[in-house]
Amino acid sequence: MLPIQLNPALISKYNINGPRYTSYPTALALDTGFNQALINSAISQAATNLSLYLHIPFCHKLCYYCGCNKIVTRHQHKADSYLDALAQEMALYQPLLQNKSINQLHLGGGTPTFLTEAQLSRLMALLQQHFIIADDAEISIEIDPRSCSDNKLTHLRTLGFNRVSFGVQDLDDKVQIAINRVQDTDLIRHQVALSRELGFSSINLDLIYGLPYQQPASFAETVDEVIRLNPDRISLFSYAHLPERFAAQRKIADSSLPDAPLKLELMQLAINRFVAAGYQFIGMDHFARLDDALAKAQRAGKLQRNFQGYTTAGQDALIGLGVSSISQVNGVLWQNSKDLPEYYQAINAGRLAVARGFALNSDDKLRAELISQLICHFELDITAFCRKWPLESFWQYFAEALAQLQPFIEDGLLLVNDGQIKVTAAGRLWVRSICACFDAYLTKGQQRYSKVV
Ligand SMILES: C[S@@+](CC[C@H](N)C(=O)[O-])C[C@H]1O[C@@H](n2cnc3c(N)ncnc32)[C@H](O)[C@@H]1O
Ligand code: SF4
1022 MLPIQLNPAL
1032 ISKYNINGPR
1042 YTSYPTALAL
1052 DTGFNQALIN
1062 SAISQAATNL
1072 SLYLHIPFCH
1082 KLCYYCGCNK
1092 IVTRHQHKAD
1102 SYLDALAQEM
1112 ALYQPLLQNK
1122 SINQLHLGGG
1132 TPTFLTEAQL
1142 SRLMALLQQH
1152 FIIADDAEIS
1162 IEIDPRSCSD
1172 NKLTHLRTLG
1182 FNRVSFGVQD
1192 LDDKVQIAIN
1202 RVQDTDLIRH
1212 QVALSRELGF
1222 SSINLDLIYG
1232 LPYQQPASFA
1242 ETVDEVIRLN
1252 PDRISLFSYA
1262 HLPERFAAQR
1272 KIADSSLPDA
1282 PLKLELMQLA
1292 INRFVAAGYQ
1302 FIGMDHFARL
1312 DDALAKAQRA
1322 GKLQRNFQGY
1332 TTAGQDALIG
1342 LGVSSISQVN
1352 GVLWQNSKDL
1362 PEYYQAINAG
1372 RLAVARGFAL
1382 NSDDKLRAEL
1392 ISQLICHFEL
1402 DITAFCRKWP
1412 LESFWQYFAE
1422 ALAQLQPFIE
1432 DGLLLVNDGQ
1442 IKVTAAGRLW
1452 VRSICACFDA
1462 YLTKGQQRYS
1472 KVV
């Protein structure tokens, strides 16, 4: 049986603008009145193992669809100044992290492989100098295949990177031209093969559905090629089209975009093929080989979710460095400035570049756990939940949510009783909308989120 069942008739009912719940509350709840002393106490009370995320914002060329925080430039020296600032930021965190061990390190962006080999060496040396990185740490990097040579990939392996993620998006020429990201399939094939030869233990490929001119037949070719490449994990993102927020997306004509039913068909096609090829559908936008750590964690009920998506560790234990990075440790969330000059200004003045933050109260914490449980495992054991969180009556506490859940229950998307909440196969697609019923903050700023499908 397929892990997800799609019913196009439900699109108009449930395809809301909603968060992806990489945190609860979402980043929109963060505010400027945040007290930086909260960071010190959150980290000092945190467990010994932490994940570290480093944001490298630079890219050589603009992809029109891109919703990431990035700066397009040809000036390689800009990365030197950025590394200077990262070194200062690491020094500010060093005293807080001296008793902690980093067991996951992830370089994201932008395009981390914008950095030259020398810059990558410097960055890794800085990290080793400031932090304790566990011997068996997962060290991963996002790669734009166009910005990575054989030498750079080999160098990454020498530096200790053991996981790679390549941006594929779509392999069709017409789509690639419309999104201003023309890349050769042979290049991707070559880099995936070389990654295997070099001994990277995990390879992820990113795809997007909902891009301009995508059609089932050509998208099926992209999906089949990805299956032939046999990655350990696949991210299948729904194109988030928010032209009022991302100016470059205005270069994509609305008329070239697939409408919601077609988008759903593209997604369905990809899910069917990936599952038939032996991938476990983790949820929302991720697939993993059955023997991959992510798939195993989900089967063991231990899957987590943080700002990088589904993960095996680092939920509520993640430090983000660099412009726009978000951290979440021990019930405290904070985000660095999204503006590079502002980030530099704070760091040069010897302070953290935190622009906004938020400390979860007990209601936030229990909702966060509930939402994480639903989005990672599609079910909640209410009895166990009430043992942990002293609620006299679960459904009395969530009476408002229960009212909002009624349509999902009536449409067979959700099973609810006193002991359990269970998202059905037909409901999995709408898990974001289901979680939104438990979100106490959602009414403000909902339009700033992308559509669920
Ligand atoms: C930081 S990029 C990955 C690394 C590298 N910059 C690249 O493009 O290959 C992260 C991923 O976000 C996804 N992405 C970017 N903008 C998106 C959007 N508007 N909607 C959905 N996914 C998006 C793409 O799949 C992209 O590979
Ligand atoms: S998708 Fe990647 S390479 Fe393209 S602009 Fe965004 S961050 Fe840069």
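If you use the numbering used here, the sequence shown corresponds to residues 1022 to 1474, in order.
All residues carry an ideal CB built from backbone N, CA and C; glycine is no exception.
Any beta carbon of chain E sitting closer than 8 Å to that of residue i?
i, result
"A1048", "Considering every chain present, this structure includes no chain E. It has just one protein chain."
Between residue i and residue j, which are expected to be in contact by the criterion C-beta below 8 Å, what is the C-beta distance as a whole number of angstroms?
i, j, result
"L1228", "I1255", "7 Å"
"L1226", "V1203", "No, L1226 and V1203 are not in contact; Cβ-Cβ is about 17 Å, not under 8 Å."
"Y1230", "F1240", "7 Å"
Taking the alpha helix (DSSP H) that residue i falls in, what are its first and last residues?
i, result
"T1404", "1403–1409"
"S1161", "From DSSP, S1161 is part of no alpha helix (DSSP H) but of the beta strand (DSSP E) over 1153–1164."
"W1355", "Here W1355 belongs to no alpha helix (DSSP H); instead the beta strand (DSSP E) covers 1353–1357."
"A1309", "No alpha helix (DSSP H) contains A1309, which is instead part of the beta strand (DSSP E) from 1307–1310."
"S1506", "Nothing can be reported for residue 1506: it is not among the residues displayed for the chain, which extend from 1022 to 1474."
I need the boundaries of the beta strand (DSSP E) containing residue i, first residue and last residue.
i, result
"A1376", "1375–1380"
"Q1301", "1300–1304"
"V1196", "It is not in any beta strand (DSSP E) - V1196 instead sits in the alpha helix (DSSP H) that spans 1194–1199."
"H1176", "Careful: H1176 lies outside any beta strand (DSSP E), inside the alpha helix (DSSP H) at 1171–1179."
"F1258", "1254–1259"
"L1126", "1122–1130"
"R1326", "1325–1327"
"Y1364", "Here Y1364 belongs to no beta strand (DSSP E); instead the alpha helix (DSSP H) covers 1361–1369."
Mapping the DSSP letters down to three states, classify residue i as helix, strand or coil.
i, result
"S1072", "strand"
"G1466", "In this prediction, G1466 scores a pLDDT of 49, lower than 50, which makes its location untrustworthy; no coordinate-derived value is stated."
"M1022", "Residue confidence is low: M1022 scores 47 on pLDDT, short of 50, so the model does not pin down where it sits. Its coordinate-derived value is still stated next. M1022 falls in the coil class under three-state DSSP."
"S1239", "helix"
"A1461", "coil"
"V1344", "coil"
"R1449", "helix"
"S1044", "coil"
"L1136", "coil"
"Q1183", "Before going further, note that residue 1183 is Asn rather than Gln in the sequence given. DSSP places N1183 in coil when its eight states are reduced to three."
"V1203", "coil"
"L1107", "helix"
"Q1336", "coil"
"F1055", "coil"
"Q1149", "helix"
"N1028", "coil"
Any heavy atom of ligand 1 closer than 7 Å to the Cβ of residue i?
i, result
"G1054", "no"
"D1337", "no"
"D1227", "yes"
"F1419", "no"
"C1080", "yes"
"Y1103", "no"
"A1261", "yes"
"F1429", "no"
May I ask you to check if the CB of residue i is nearer than 7 Å to at least one heavy atom of ligand 2?
i, result
"D1205", "no"
"T1132", "yes"
"D1191", "no"
"R1202", "yes"
"D1306", "no"
"D1165", "yes"
"C1087", "yes"
"G1188", "yes"
"C1397", "no"
"L1083", "yes"
"A1284", "In the sequence as displayed, the identity of residue 1284 is Lys instead of Ala. K1284: no, Cβ never under 7 Å from ligand 2."
Report whether the distance from the Cβ of residue i to the nearest heavy atom of ligand 3 is below 7 Å.
i, result
"K1173", "As far as ligands go, the structure on display features ligand 1 and ligand 2 and does not contain ligand 3."
Ranges of the alpha helix (DSSP H) found wholly within the segment 1205–1249, counting only runs of at least 4: Secondary structure in the segment 1205–1249: the alpha helix (DSSP H) runs of 4 residues or longer, each lying completely within the stretch, are 1206–1219 in chain order.
Which ranges would you report for the beta strand (DSSP E) in the segment 1417–1448 if only whole runs of at least 3 residues count? Secondary structure in the segment 1417–1448: the beta strand (DSSP E) runs of 3 residues or longer, each lying completely within the stretch, are 1435–1437, 1441–1444 in chain order.
Complete runs of the alpha helix (DSSP H) confined to the segment 1273–1303 [at least 4 residues]: Complete alpha helix (DSSP H) runs here, min 4: 1281–1297.
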